[in-house]
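Chemist: In this note's numbering, the protein residues as written are 173 to 356.
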């Protein structure tokens, strides 16, 4: 099995799943037991400032009201995840690469919008997951394209442009792809 950890899944135009249609997923884990990732381009009707207020945390920076909270996936939408550049000191952090960490503990939220925050981060509620063999079957069914993850897409590309931008990294214009899939 080839691991797609630290790769993007790019939804094919034919993927008509209500949640994953035109999505880009960052795979934080992929092994023989399954896969887990965060959808990177579906904003919730919630900004980071409001989320922190709802959690009874004091958002110290009004600029957080301009930062969207993402719908990371349809699983455990009550759980939050912060995908961020490396920074030690949080209770539940997992180093994914030399450039990325994933933190699920509340202690990181109090740093957001302050000088103590990671340099770059995004916040998502929920995650996407696949059982053993499920993602591999979806790849065989032509539901997804894959490419190596890229920090610029995660943190710099505006949300509405991430799907097309991810496909462009493969030299593909998604609007020229057929919605029909076939096997030779």
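Heads up, the beta-carbon is just placed ideally off N, CA and C, and yes, glycines get one too.
Remember, predicted model here, so these are calculated numbers, not experimental data.
1) What are the boundary residues of the alpha helix (DSSP H) that includes residue 221?
2) Just curious, the alpha helix (DSSP H) that residue 230 is in, first and last residue?
3) What residue range does the beta strand (DSSP E) around residue 183 cover?
4) How many whole angstroms separate the CB atoms of residue 253 and residue 279, which I take to be in contact at a CB cut-off of 8 Å?
5) Leaving out the 5 sequence neighbours to the left and right, which residues in its chain are closer than 8 Å to residue 270 when beta-carbon positions are compared?
6) With H, G and I counted as helix, E and B as strand and the rest as coil, what does DSSP make of residue 358?
7) Should the region 204 to 224 be called in touch with the region 331 to 338, which here means at least 3 C-beta pairs below 8 Å?
8) Look at the alpha carbon of residue 319 and the alpha carbon of residue 190, and state the distance between them as a whole number of angstroms.
9) Tell me the DSSP bridge mates of residue 265?
10) Could you tell me which of 231, 184, 266 and 200 sits nearest to residue 289, measuring between CA atoms?
11) Answer yes or no: does any C-beta atom of chain D fall closer than 8 Å to that of residue 183?
12) By the three-class DSSP mapping on this structure, what secondary structure does residue 400 have?
13) Judging by CA-CA distance, which residue of 299, 233 and 228 is the nearest neighbour of residue 275?
14) Helix, strand or coil for residue 282 per DSSP?
15) Which residue from 204, 208, 243 and 233 puts its Cα closest to that of residue 217?
Modeler: A quick look at the data gives this:
1) For the purposes of this step, residue 221 is taken as the residue at position 49 of the chain shown. Where residue 221 is concerned, the enclosing alpha helix (DSSP H) starts and stops at 220 to 226.
2) By 1-based counting over the chain shown, the position of residue 230 is 58. First-last for residue 230: undefined, no H or E at that position.
3) One-based indexing of the chain shown puts residue 183 at position 11. Boundaries of the beta strand (DSSP E) around residue 183: 179 to 183.
4) For this step, residue 253 is matched to residue 81 along the chain shown. For this step, residue 279 is matched to residue 107 along the chain shown. 14 Å between Cβ atoms; not a contact.
5) As a first step, residue 270 must be located in the chain shown, where it is residue number 98. Contacts found: 258.
6) The first residue shown for the chain is 173 and the last is 356, placing residue 358 beyond what the model contains.
7) yes
8) What you label residue 319 is simply residue 147 of the chain shown in a count that begins at 1. What you label residue 190 is simply residue 18 of the chain shown in a count that begins at 1. Roughly 23 Å separates the two Cα atoms.
9) Walking along the chain shown from the start, residue 265 turns up at place 93. Answer by DSSP bridge pairing, in chain order: 275.
10) Within the chain shown, the letter at position 117 stands for residue 289. Of the listed residues, the one whose Cα sits closest to residue 289 is 231.
11) Here there is only one protein chain, and chain D is not present.
12) Nothing can be reported for residue 400: it is not among the residues displayed for the chain, which extend from 173 to 356.
13) Sequence index remark: in the chain shown, residue 275 carries index 103 (1-based). The option with the nearest alpha carbon to residue 275 is 299.
14) Residue 282 sits at position 110 when you count from the first residue of the chain shown. In the structure shown, residue 282 sits in a helix (DSSP, three-state: H, G or I).
15) Taking the chain shown and counting its residues from 1, the one referred to as residue 217 is at position 45. Of the candidates 204, 208, 243 and 233, the one whose C-alpha sits nearest the C-alpha of residue 217 is 243.
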